[in-house]
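In full-length UniProt numbering, the protein residues as written are 1 to 100.
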């Protein structure tokens, strides 16, 4: 069964960039400890004042993706983050075909 890649783009409101970065660093640490998580990376893009955070995730399978979504740290982050974003995060779930 091929691994599952997830790419999320988060655009925080300017006044919430620091708190989102801080919370996402916690998500990175916790998510990397999940048994089915193969990779969980946080990247920052700054386009002249608009900050976007990209999260590149890789999981063993869809069960591992669901386990991530069911985790206490994911649920806690989602519960806090409601007003922090300019728009809803854009999340794309991809099945790997040919990845090095």
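Just so you know, even glycine gets a beta-carbon here, dropped at the ideal spot from N, CA and C.
Query                                                                                                                                                : Result
If you drop the 5 nearest sequence neighbours on each side, which residues of the same chain put their C-beta closer than 8 Å to that of residue 73? : 26, 27, 30 and 31
Could you tell me which residues DSSP puts in a beta bridge with residue 45?                                                                         : 52
Between which two residues does the alpha helix (DSSP H) carrying residue 28 extend?                                                                 : 17 to 31
Flag this pair as touching only if the stretch 36 to 49 and the stretch 83 to 93 have three or more C-beta atom pairs under 8 Å; answer yes or no.   : no
With 16 as the cutoff for other CB atoms within 10 Å, does residue 87 come out buried or exposed?                                                    : exposed
Pairs of beta-carbons, one from the stretch 54 to 66 and one from the stretch 1 to 8, closer than 8 Å: are there three or more?                      : yes
How long is the line joining the alpha carbons of residue 57 and residue 7, rounded to whole angstroms?                                              : 6 Å
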